[in-house]
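Student:
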Amino acid sequence: MTLHQMLLQVPDLALPFAPTQSQIVLAVVLPLLGAFLMQPLARVSRTLALALGPIVLAASAYLLIALSLEYGGAPFVVAIGGYAPPLGVVFYVDRLALLFATAVPLFTLLFWWRAEPDAAGSTDSARRDAVMLLLAAAATGLALSGDLFNIYVFYELTAVASFGLVALRATGAAYIATVRYLLLSALGSVLALVGIAIVYLLTGTLNLAQIAQLAPGTLANPAGLAAFALLLVGFGVKAELFPVNTWVPEVYATAPARISALLAGLISKLAVLVVLRLVVLAFDGTGAQTLLLALGTLGVLTGELAAWRAQDFPRMLAYSSVGQLGVVFIALSLPGYTGVFAALAVALHHVVVKSALFGLATRWNGSLEALAGAARTAPRASILFVLFALSLIGVPPLPGFWAKLLVLVGLAQLGTQAALTALAVILLATAVEANYLFRVAVRLFQRASDGAPAPPRPGRFDVAVASLLGLVLLGATVTIDPLSTWLGGIAAQTTDVDATIATVFPTPIAQTP
Amino acid sequence: MAYLTFETILYAGAIGLIALGSLGLVLSRHLFRLVLALAIAEAGANLLLVLTGYRGGAVAPILGVHQPGTTMVDPIPQVLVLTAIVIGVGVQALAVSVLLKIYRAYGTLDLRVLREHLELDLAKAAGIRAPGSQEAPAGERPLPPPIPAVAKAAKESAP
Amino acid sequence: MRNIASLLFAAGLGFLLLVIAGQLGFGEPSMLIGGDILSAAPDEVGAANIVTAVLLGYRGIDTLGELSILFAAATAAGLVLAGGRGAAASHLSDAPAGFILRTGADLLFPLLLGVGFYIILHGHLTPGGGFQGGVILAAAFFVLVLARPAGGMSHTAIAVIEGLAGAGFIALGLWSLLADGDFLKPMLGKGVLGELLSAGTLPLLSLAVGLKVGAELAGLMTQLSEQPPPELTGQPLAGQSPEHTAGPETQD
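Here the protein sequences line up with chains A, B and C, keeping their order.
For the first sequence, this note's numbering assigns the number 1 to the initial residue and increments by one for each residue that follows.
For the second sequence, this note's numbering assigns the number 514 to the initial residue and increments by one for each residue that follows.
For the third sequence, this note's numbering assigns the number 673 to the initial residue and increments by one for each residue that follows.
1. So if DSSP puts A:M38 in a beta bridge, which residue, or which two residues, is it bridged to?
2. May I ask you to list the residues that DSSP assigns as paired with A:N207?
3. Helix, strand or coil, according to DSSP, for A:A119 in the structure here?
4. Would you kindly check if the distance between the Cβ of A:V274 and the Cβ of C:A748 is under 9 Å?
5. With which residues is A:Y92 paired in a DSSP beta bridge?
6. What's the gap between the Cα of A:L13 and the Cα of A:A61?
7. Should B:I522 go down as buried or exposed, given a rule of 16 or more other Cβ atoms within 10 Å for buried?
8. Output yes if chain A places a C-beta closer than 9 Å to the C-beta of C:G853; else output no.
9. Could you check the C-alpha separation between A:L468 and A:I393 for me, to the nearest Å?
10. What does the alpha-carbon distance come out to for the pair B:K614 and C:A839?
11. Have a look at B:V548 and B:L607 and give me their C-alpha separation to the nearest angstrom.
12. Closer than 7 Å between beta carbons: that is the criterion. Which residues of the region 596–611 of chain B meet it against chain C?
13. Show which residues of chain B have a CB atom less than 8 Å away from the CB atom of C:Q899.
14. Go through its chain and collect everything with a Cβ distance to A:A257's Cβ below 6 Å, but skip five positions before and after it.
15. Kindly indicate which three-state DSSP category B:N559 falls into: helix, strand or coil?
16. Can you check whether the C-beta of C:D659 is within less than 9 Å of a C-beta belonging to chain B?
17. Using CA coordinates, which residue listed in A:L52, A:V104, A:G34 and A:P40 is at the minimum distance from A:L516?
18. Using DSSP with H/G/I as helix, E/B as strand and the rest coil, what is B:L575?
19. Among A:V322, A:F228, A:I151 and A:V327, which has the Cα closest to the Cα of A:L291?
20. For the ligand GDP, is there any heavy atom lying closer than 8 Å to the beta carbon of B:G570?
21. Shorter than 9 Å from the beta carbon of A:L414 to some beta carbon of chain C?
22. Classify B:H543 as helix, strand or coil using the three-state DSSP reduction.
23. Could you please give me the residues that DSSP links to B:T623 through a beta bridge?
24. What are the residues of the region 535–561 of chain B that lie near chain A, defined by any Cβ-Cβ distance shorter than 7 Å?
25. Using a Cβ cut-off of 8 Å, which residues of the region 18–48 of chain A contact any Cβ in chain B, in chain order?
26. Taking only beta-carbon atoms, is A:T362 less than 9 Å away from chain B?
27. A:S391 by DSSP, collapsed to three states: which one?
28. To the nearest angstrom, how far is the alpha carbon of A:A255 from that of B:E632?
29. Output the boundary residues of the alpha helix (DSSP H) element that contains A:M316.
30. Given a threshold of 16 other Cβ atoms within 10 Å of its Cβ, counted over all protein chains shown, does A:R315 qualify as buried or as exposed?
31. Could you please give the first and the last residue of the uninterrupted alpha helix (DSSP H) stretch that includes C:M893?
32. Can you find the residues in the same chain that come closer than 8 Å, C-beta to C-beta, to A:L408, ignoring five residues on each side of it along the sequence?
33. Just curious, the alpha helix (DSSP H) that C:F841 is in, first and last residue?
34. Is it the case that the Cβ atoms of C:G882 and C:G802 are separated by a distance below 9 Å?
35. So what does DSSP say about A:S162, is it helix, strand or coil?
36. Do C:V717 and C:G729 count as a contact pair if the criterion is CB distance below 9 Å?
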């Protein structure tokens, strides 16, 4: 019996008792424990080791859902180790954090390994499961943490775990893609560390809420802007920010498709969440906004144009993902509530759509020409592809339309020359997107020529996952009004910096030593 | 120069290491040199971070060694750097392992050559024509007809 | 062209950092939380080494994350090194090293173990701690592997020590979660400042960290030493990358 199975029988944690607030740490710690115990357990009982991962992730998901139901209204703070902030590390849990934290174990479970159709090279399933659990733990920690260096540590854990996972296919190409990703990510970490050093020097603290309190006085200068630029480029590697996104097409083409789905769908949004927290709490000046707008626009341009020229399905999806995340960064550059609302809408929409598309790409991993006539052998998958494509382009009434509309309206309201340029770029990108996505859709539905080899068909489970996500998308289409109210509430809570500071520091603290 | 203090030299050194490492990372072609440049850049960043806690004339934050009441340096950057060093070691070890596998697969660690191999492999796996492939050097355009004089000279020179 | 762009990037980066450095007040840190920790740590944590007090007390979860990163790197390296091959390669063809290295290794091994454990256990009193001591423990095994390449540690032992040490660290934290309501709160009382058995569970946490780091790095070394040396002719080995054939190397 493993330790956490014993703990589940302790009355405090047993079902159906609701967990206490400080037990939210278990959502991060239980997957870590599972990862540490995976290899010794595998030597004792293989079946138990295969089941350990899903059990731990299910427990973590249950914990987070129970906490959201119980405490989901007002944000709360968990001081790790009982040390009051700002000396100790805190988890700041508001609705946005709970949303992303709950999504992590659910999506990891959705893309967990079953029978291995694409793991041609992996011989050691215990190690692979351990690394997946570490990725899940780190992603949960990223969503919940309220301390700058703690975020850096969890971000690095996400990175190292993903290095191990993208090399799983054990082909030479996978190794080259892994090493280029590794080196680029490590350069980003160096820059982020320099940024953290500058922030610490300027403010004297690492607690995000305290940094928010001190930011107007200490970070509103060129040094603060430089720190933001360094942090943005550092954390932006995973968020596929221009110019540190050269790793994206190679990695998504050589990694197993489920890993690409996780990375492109979920982990990149967690990196965006980190940037969002920094922008809202500490760096909301015009310099930061200009930087975000510029890099986002360049990302949209390069991503969509490269997707237009791509000749194989995974890389087309990869470049399209770069373009969509560029739109997210443009949305983040809009000041205040509109920016966060628009960014969240685009990001959440992208999580659903891209994960499903990469799931389909497990079998549709060849050239676009090979997909000709796939609608005959895989009708459901082809219809789902058309649905997701329409939502990506932004055809009403699908959620993608509303998300993009929020960004465009925000840019139009801003009215500056840069904002209007970005608006034109997004419209141009939409046209390009429509072109290449419809090209694929037409090819899917065309009659296959007689001598051509049969097009591949996605596996049943991938189609099931895509159908589930498609249902989510359609459900969002129908309930778009209450959904946008809910999302707006989250955005409003996130941008309320004074409430954040008041939650973390109920008694005001000294601002100077 | 009044401002060329001890601290300034240390800071310039740390920043110089970071710049040197970053330069190496973007310029080098050999993968192992890239890993070494990364190590240098990380060392520079760690040095910069630990220097942020420096206080002139202060001692290490260990109790019971000095007189109570002496100013101590800031302990937080030291903790951060401990963590950062360990992270760097882990990443470098993983990088070297991947380098080993690359060398066994391709026999070279030259990044330019490897990038071409990567493009060829990706194209072959997907079944598309690689950019600038050897089989169709002019893309899909037909090659121009041979100039008669040049063809005759080639035929006469070849045995 | 690319080189010029890269040079400009690095020069710009260096210039930017120097300008920032010129504007910031170095040597006079604001000491906002630093100062508070210096004054609060002896009472709250009870360790004489304030850096360890912060590492394992105030920022314990960062240390847990750092342990996990090292674990992830070692596991990922294991995945990479073992990937694509069937059975593990045999390295028994490596001859042991010469007499001096073998004898020296046998003498150094217990010494390094002793120094490693000393540094781990005194981490809360003097500079040192789990990571530093753990690396020395790993060095003890490195020396053994250098002397007798065929005699690396067994993978099972490494995996078990690694897993149980990490689980031990988390178990200590979970114990405080169950008993006191906060994860990773130091338990067991503070004791007398400066004694070996002071600062509550900090020495136990250091021990867990040290064993885990030592086992991980020793495992990495064993895996690397088990790799057969790459062919020096530069030709790719058969079966490594089936879809790629050795093309003509481009001349630079």
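Note that the Cβ used here is the ideal one computed from N, Cα and C, for glycine as well.
These numbers were taken from a predicted model, which means no experiment stands behind them.
Tutor: Checking against the coordinates, here is how it stands:
1. For A:M38, which the question treats as bridged, DSSP gives no partner whatsoever.
2. A:D147
3. Unreliable placement is indicated for A:A119, whose pLDDT of 46 sits below 50; no coordinate value is reported for it.
4. no
5. A:V77
6. Since pLDDT at A:L13 reaches only 45, below the 50 mark, its modelled position is unreliable, and no value is offered.
7. exposed
8. yes
9. 20 Å
10. 31 Å
11. 10 Å
12. T596, V599, I600, G603, V604, A606, L607, S610 and V611
13. L613
14. F358, A361 and T362
15. helix
16. The shown model of chain C, from 673 to 924, leaves out residue 659 of chain C, and the question about it has no answer.
17. Outside the shown range of chain A (1 to 513) lies residue 516 of chain A, about which nothing can therefore be said.
18. The sequence as given places Ile at residue 575 of chain B; Leu does not occur at that position. If DSSP states are grouped into helix, strand and coil, B:I575 belongs with the strands.
19. A:F228
20. With respect to small molecules bound, the structure shown includes none, and the ligand GDP cannot be examined in it.
21. no
22. strand
23. In the sequence as presented, Thr is not what sits at residue 623 of chain B; that position holds Asp. Beta-bridge pairing links B:D623 to B:H543.
24. S535, L538, L544, L547, L551, A554, E555, A558 and L561
25. none
26. no
27. helix
28. 15 Å
29. F313 to L332
30. buried
31. L874 to S897
32. L423, I426 and L427
33. H827 to D852
34. yes
35. helix
36. yes
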